[in-house]
Structures are given as structure tokens and as C-alpha cells.
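Visitor: Under the numbering used here, the first residue of the sequence shown carries the number 7, and numbering increases by one thereafter. The C-beta atom is built at its ideal place from N, Cα and C for all residues, glycine as well. Computed from a predicted structure; not experimentally measured.
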Amino acid sequence: MEKFATIDYVIFLIYFVVVAGYGFWIYNRQKSTTASSKDYFLAEGSLTWWAIGASLIASNISAEQFIGMSGNGFTVGIAVAAYEWIAAIALIIVAVWFIPVYLKNKIFTMPQFLKQRYNETTSLIMAVFWLFLYIFVNLTSILYLGALAISNLGGGAYFHIIMLALAVFAIIITLGGMKVIGFTDVIQVVVLIIGGFATTYVALTLVSEHFGMGKDVLAGFKQLMQDSPKHFNLIVDKPTATSTQEEVNKYLMLPGIGMYLAGIWIVNLNYWGCNQYITQRALGADLKTARTGILFAGFLKLLMPIIVMLPGIAAYVLYKNGALQEEMAPGGHFNPDNAYSAILGFLPNGMKGLSLAALTAAIVASLAGKANSIATIFTMDIYNKYINKEASEKKLINVGKITIILSIVIAVLFTWDDLLGIGGAGGFTFIQKYTGFISPGIFAMFLLGMFWKRTTGSAAIAGLITGFLLSIVFNNYAPAWFGNETFLYTAYKNANGAYEIPFQICMGLSFLFTMIVMVGISLFGPKDNPKGLELDKKMFKVEPSVMVMIVLTILIVGALYVKFW
């Protein structure tokens, strides 16, 4: 494995100067002009559809995808691509039904939605919760996995220096506000896609070379399918009495048909439709621009498994056949999350710098987007409402900038010695574990709040608590309390010897019972709820150009499932 050449440093430096220079230029420009807080946090009316779509992808595809999903590709295979391909369908649902509700009711933050639809208590509780989640789970995991991936390219050196550099880079971008984030994300996503395809190309040629077929991408891909056919099954087989522990672990991660009944839909619809971090890109645009941008992001999601998952499968095949032994276990510690870094190390001069830039782009774009959302929620939903109601626009923007810096500094401190145990749990697992506990309650609260006027504030709070408590019960206690097999679920022994219900099944059960509780409580409330949102059937009408994008996306997803089912 060769070290970086001069051309790699030059390519990476060009990327850094272009992105950071543009961000710094916008930052200095805004210091001398008067801007509203909505313009700063939402880039109101200034983002084009392609900027919205690119920004969504750049913010979504980060270290947990490049590193965590490649690691899952190494372990499970193409089944993990379901997260990306179902996301494309989820984005259609968000574009057609969710975004019109937000824009019609002039919603700019998710806590504002909860206050307008339910009550101030629900809004404040969730504002504080989202701040903790974004800082202590998302920012920390992005920083940790990003620094780990880049440092592994140099044999595990300079982890803390790299982490600080990523943090500073993200601050430079974020201080310019949503406008600079949105347009620099276009640069980021172009670099991300080109660098990602370069890595996949090299991964497949490494496979073809290892098996004596020369540098042939198609031959490498065919060899992956021949060598490890189970890694190309979209549905993980249900364990039997003769299944190995490895096969059981795969099913616990991605429980076959069961995950398509609820879990994967809850994950995606909650993430793409009820998440300030994501919806913020579209909330400052008109309906057609927002819809087109979201659907463009959905189309780009179809490409992501090629970039973030195939290198993991290639690493698995190479490792299985005697290659990448040292690269998969730097310092003697084997970890599937090292798969992407292991492939990166074999890129030729020039491409290595480009792929490093792509990885950095993904990390920095996600950090910037998350930090901006933290600043938006704190400034608009806490500071301006409870601390300083008379704050000027300039004051609100300055508070947002201070919040950006503080949130990233806090994340660095907690990531420095891995205080939250991100590395121990595995990056992708860490994020899924802590966000999945609250996704059923939050999604139920938003779904009923949007489309059933009778839903009450009491039901919303009860649903949030119920969803969280049931997630704990099903994830940690259900097998011990109710047995390992019931008409609702089947538990399997995990690697630690304890019985466990597949995570996505737990989410589905928690969501089901949370909906029942919320509907029951609301039925005892007033029939005519004055807190219901304004809905108009006309706002759900889809333009012909948008319909073409929807049909094309559905056909591509359908073809992929027919091929790999």
C-alpha cells in the first residue's frame, strides 16, 4: 500500500481551498450586509432545486455511510442497500405529502411544528431532546468515524489532529449560514460521487486482478457474485436450528421480509420527513422547487449503494481469499468498519487524493448541516422564545454562530477519548441504536399531527413517552418477560448469548402500539380540534415534470428488487 504522492496532496489542497475559500468569502460578505435570521438559517428563497437535492445528499452521506455501511456490506452484503433504495421511495412520500403541509402552514423548524400543532410543552421537550441527540449522537459519531477512516489511511496515526482539522473545516463552512452550506454542498456532492465511483472502480479491479483476470470492472463484479452469492441477496434468510451465529447476527441486523413491514419505513420516513437536519433545506423554498430538489435527492440515493456498499463487499471477498489481512486489522484489531479505508489505500496516485477529498466532503458537509440545525433550533425555538424575545436579527444570527462553534467544540471533547463508546458499538450501530429508540414515538406524533386533526397535545406527549418506553421493553426485556417466541415476534440468541428481537421488528411493534395509544387518547378529546393544521387537497397535486421523476424512481427501485430479490 503506497503512501500519498505529491499529486494527491495537490488535489486535496485544491478541493480544500475551493470549498473553504467560498465559505469564507460568504462569511465575510454577510458580516457587512444586513441579513434576516430566516435567510441565515434557511437561505429563504435562494436555493435552487439542484442545490437542495445536492445538499440533502451531501448532508446525509457521511462517515457513517462510507464507513459504517461499507462495514455492513462487508458483513451482510447488498441487503444493507435497502436503507438507500427504500429511502428513494420515502423521499417521494415526503415530497408529495409532508413538505406541502410544512410550507402551507409556514413551518420553519420541527419544534415550531409541534408548538403550532400541539402545545408549547411538547415543542420545548423535543427542542431540548433534538439538541442533545444532534450533539452527543450525530456530531460525535460523524467526527469519530470520519477521523478514524482518514487516520487509518496513514496506519492509524494522527487521529486527534485529523478530528480537530475536520471540526475547524466544518466551522468555516457553517458560519456562512444555510446559503453557503447549500451551494458548497453542490461542490461537495460532485467530489463525493466522483471520488466514490473511483473507489468502487479500484475495488472491483482489485478483485479481478486478485483472481487473475486483469483490471476488468465487470469481471470483478461477476467474481463478487460468484464467490459470495449470499452477499447479493436483498432478503436475509430467517435463522433455523442449524444456522450459524454469523447468520443469526445478520438476521438480527436486517430481519428479512419483517423489516419491510415497518422498521425500515419508520427509519426513513422519520429521518427524511420529521428531521430538522434534513427538512431545513426545503423549508425556505417554494413548493415546486422543494419537491423537485427532494426528488432529485431520491434519484441520487439510488447510486449510493454503488459508492458506499460495493467496496465493502469487495473487501470481504478479498479478505476471505487471503488479501487485505493487514489493512482490515490495523494495529492488530480487526473491524469490518475498516473495509472502506482498506480499499482506499490501494488507489493509484491522484485518485487517492480525490477519494480522500470525497470522504472529507461527506464528513464536513454532514457536520455543517447538523451544526446549522442545532443553531437553528437553539436560536429560534429556545433563545428567541424563552431567553431574549426582543433580540434583533443581528443578535439572533450571532447567537447562531456562537451555538455552531460551541456544539462542535462539545462534540470534539466527547469524541476525544470516545467517551460515548462509539468505537465499541460500531459507528452505524451506535447511531441506529440511539435514534431508533425514539423514532417510533416521533414519527407517530408527526404522522397523526399532520393528517388527523383530532390528535391532541396530550396524545402527542403520551405517544412520545410510550414509543420510548416500548422501544426499551422490546429491545431489552421482552424475551425475558414474555418468552422468546410469541405471535408478535421471535427472539434469537445474539453473539453474547442473550435472546434478542431484531431491532427493526422492535421499532415496528413500538410504532404500532404507540399509534393505538395516541388514537385512543385522542378519541376521548374534542372532536373539533382548533390545533389542527390547514390542509388543502390542491397542495398535494403533483406537476407533470415531478410525476415523471416519481415514476422513473419507482421503476428503477422495482427493477433493482426484481434483480436481487
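Could you tell me whether the Cβ of Gly359 comes closer than 8 Å to any Cβ of chain D?
Guide: As a matter of chain content, chain D is missing from the structure shown, which is built from one protein chain.
Visitor: Apart from the five residues on each side of it in sequence, which residues of its chain come closer than 6 Å, Cβ to Cβ, to Phe80?
Guide: Looking up residue 80 in the sequence shown gives position 74. Around Phe80: Gly318, Ala321, Tyr322, Pro342, Ala345.
Visitor: Going by other Cβ atoms of all chains shown within 10 Å of its Cβ, with 16 needed for buried, is Ser347 buried or exposed?
Guide: Within the sequence shown, numbered from 1, the residue matching residue 347 stands at position 341. Ser347 comes out buried.
Visitor: I'd like to check one pair, Val523 with Thr472: are the Cβ atoms closer than 8 Å?
Guide: Translated into positions along the sequence shown, residue 472 becomes position 466. Translated into positions along the sequence shown, residue 523 becomes position 517. A contact, by the Cβ cut-off of 8 Å.
Visitor: Going straight from the alpha carbon of Gly83 to that of Asn239, what length do you get?
Guide: Taking the first residue of the sequence shown as 1, we reach residue 83 at position 77. Taking the first residue of the sequence shown as 1, we reach residue 239 at position 233. Computed Cα separation, rounded: 7 Å.
Visitor: Judging by CA-CA distance, which residue of Met513, Pro508, Asn500, Ile507 is the nearest neighbour of Phe474?
Guide: The residue you call residue 474 lines up with position 468 of the sequence shown. If we check each option's Cα against that of Phe474, Met513 comes out closest.
Visitor: Classify Thr128: buried if its beta carbon has 16 or more other beta carbons within 10 angstroms, exposed otherwise.
Guide: Here residue 128 corresponds to residue number 122 of the sequence shown, with the count starting at 1. So Thr128 counts as buried.
Visitor: Taking the Cβ atom as the reference point for each residue, do Ala377 and Thr180 lie within a distance shorter than 8 Å?
Guide: Indexing the sequence shown from 1 puts residue 377 at position 371. Indexing the sequence shown from 1 puts residue 180 at position 174. Against a cut-off of 8 Å, the Cβ pair of Thr180 and Ala377 comes out as a contact.
Visitor: Pull up the DSSP beta-bridge partners for Thr496, would you.
Guide: Along the sequence shown, read from residue 1 onward, the residue named residue 496 stands at position 490. Paired residue(s): Glu491.
Visitor: Taking all protein chains shown into account, decide if Ser551 is buried (16 or more other Cβ within 10 angstroms of its Cβ) or exposed.
Guide: Mapped onto the sequence shown, residue 551 falls at position 545. Burial call: exposed.
Visitor: Would you check if the distance between the CB atom of Val107 and the CB atom of Leu541 is smaller than 8 Å?
Guide: Here residue 107 refers to the residue found at position 101 when the sequence shown is read from its first residue. Here residue 541 refers to the residue found at position 535 when the sequence shown is read from its first residue. Yes, the Cβ-Cβ distance between Val107 and Leu541 is below 8 Å.
Visitor: Can you give, in chain order, each stretch of the alpha helix (DSSP H) that sits fully within the stretch 186–264 and has at least 4 residues?
Guide: DSSP runs (the alpha helix (DSSP H)) wholly in the stretch 186–264: 223–233, 251–259.
Visitor: Since Lys358 and Phe22 are thought to touch, with beta carbons under 8 Å apart, how far apart are those beta carbons, to the nearest angstrom?
Guide: Numbered from 1 along the sequence shown, position 352 holds the residue referred to as residue 358. Numbered from 1 along the sequence shown, position 16 holds the residue referred to as residue 22. No, Lys358 and Phe22 are not in contact; Cβ-Cβ is about 15 Å, not under 8 Å.
Visitor: Let's see if you can read the secondary structure: which residues bound the alpha helix (DSSP H) around Met75?
Guide: By 1-based counting over the sequence shown, the position of residue 75 is 69. That residue, Met75, is in no alpha helix (DSSP H); it is neither H nor E in DSSP.
Visitor: From Asn125, Ala497, Val418, pick the residue whose C-alpha is nearest to that of Met259; which is it?
Guide: Locating residue 259 in the sequence shown gives position 253, counting from the first residue. Of the candidates Asn125, Ala497, Val418, the one whose C-alpha sits nearest the C-alpha of Met259 is Ala497.
Visitor: For a test of the three-state rule: what should DSSP assign to Glu396, helix, strand or coil?
Guide: The residue given as residue 396 occupies position 390 in the sequence shown. Glu396: coil per DSSP, three-state reduction.
Visitor: I'd like the span of the alpha helix (DSSP H) that includes Asn276, first residue to last.
Guide: Taking the sequence shown and counting its residues from 1, the one referred to as residue 276 is at position 270. 269–279 is the span of the alpha helix (DSSP H), which, as asked, contains Asn276.
Visitor: Using CA atoms only, rank isn't needed, just tell me which of Ser61, Asn34, Gly74 is closest to Arg287.
Guide: Working through the sequence shown from its first residue, we reach residue 287 at position 281. The shortest C-alpha separation from Arg287 is found at Ser61.
Visitor: May I have the straight-line CA-CA distance separating Val100 from Thr12, to the nearest angstrom?
Guide: In the sequence shown, the residue the question calls residue 100 occupies position 94. In the sequence shown, the residue the question calls residue 12 occupies position 6. Spanning the two alpha carbons is a distance of roughly 45 Å.
Visitor: Measuring only the C-alpha atoms, how far is Gln510 from Val134?
Guide: In the sequence shown, the residue the question calls residue 510 occupies position 504. In the sequence shown, the residue the question calls residue 134 occupies position 128. The alpha-carbon atoms of Gln510 and Val134 are separated by roughly 26 Å.
Visitor: Rounded to the nearest angstrom, what separates Val563 and Trp91 at their Cα positions?
Guide: Position 557 of the sequence shown, counted from the first residue, corresponds to residue 563. Position 85 of the sequence shown, counted from the first residue, corresponds to residue 91. Straight-line Cα distance between these residues: approximately 6 Å.
Visitor: Could you tell me which of Lys110, Ile369, Asn394 sits nearest to Ala153, measuring between CA atoms?
Guide: As a first step, residue 153 must be located in the sequence shown, where it is residue number 147. Of the candidates Lys110, Ile369, Asn394, the one whose C-alpha sits nearest the C-alpha of Ala153 is Ile369.
Visitor: Going by DSSP in three states, Tyr164 sits in which element: helix, strand or coil?
Guide: On the sequence shown, residue 164 is found 158 positions in, with the first residue counted as 1. Tyr164 falls in the coil class under three-state DSSP.
Visitor: Please list, in chain order, all residues of the same chain as Ile156 whose beta carbon is under 6 Å from its beta carbon, the five residues on each side excluded.
Guide: By one-based count along the sequence shown, residue 156 stands at place 150. Within the same chain, Ile156 has close Cβ partners Ile168.
Visitor: Going by the beta-carbon positions, is the gap between Ser584 and Ser372 smaller than 8 Å?
Guide: The requested residue 584 does not occur in the structure, where the chain is confined to residues 7 to 571.
Visitor: With H, G and I counted as helix, E and B as strand and the rest as coil, what does DSSP make of Tyr124?
Guide: As a working note, residue 124 is residue 118 in the sequence shown. It is coil, neither helix nor strand.
Visitor: Tell me whether the beta-carbon of Ser43 lies closer than 8 Å to the beta-carbon of Leu402.
Guide: By one-based count along the sequence shown, residue 43 stands at place 37. By one-based count along the sequence shown, residue 402 stands at place 396. Yes, the pair counts as a contact, with Cβ atoms nearer than the cut-off.
Visitor: Helix, strand or coil for Glu549 per DSSP?
Guide: Here residue 549 refers to the residue found at position 543 when the sequence shown is read from its first residue. In the structure shown, Glu549 sits in coil (DSSP, three-state: anything other than H, G, I, E or B).
Visitor: Could you work out which residue in Thr520, Ala486, Leu210, Phe517 is closest to Ala504 when comparing CA atoms only?
Guide: In the sequence shown, the residue the question calls residue 504 occupies position 498. Answer by Cα proximity: Ala486.
Visitor: Quick check: the Cα distance between Gly290 and Ser52, rounded to an integer number of angstroms?
Guide: Position 284 of the sequence shown, counted from the first residue, corresponds to residue 290. Position 46 of the sequence shown, counted from the first residue, corresponds to residue 52. Between Gly290 and Ser52, the C-alpha separation is close to 8 Å.
Visitor: Considering only their Cβ atoms, is the gap separating Ile17 from Gly356 smaller than 8 Å?
Guide: Along the sequence shown, one-based indexing puts residue 356 at 350. Along the sequence shown, one-based indexing puts residue 17 at 11. Yes, these two residues count as a Cβ contact at 8 Å.
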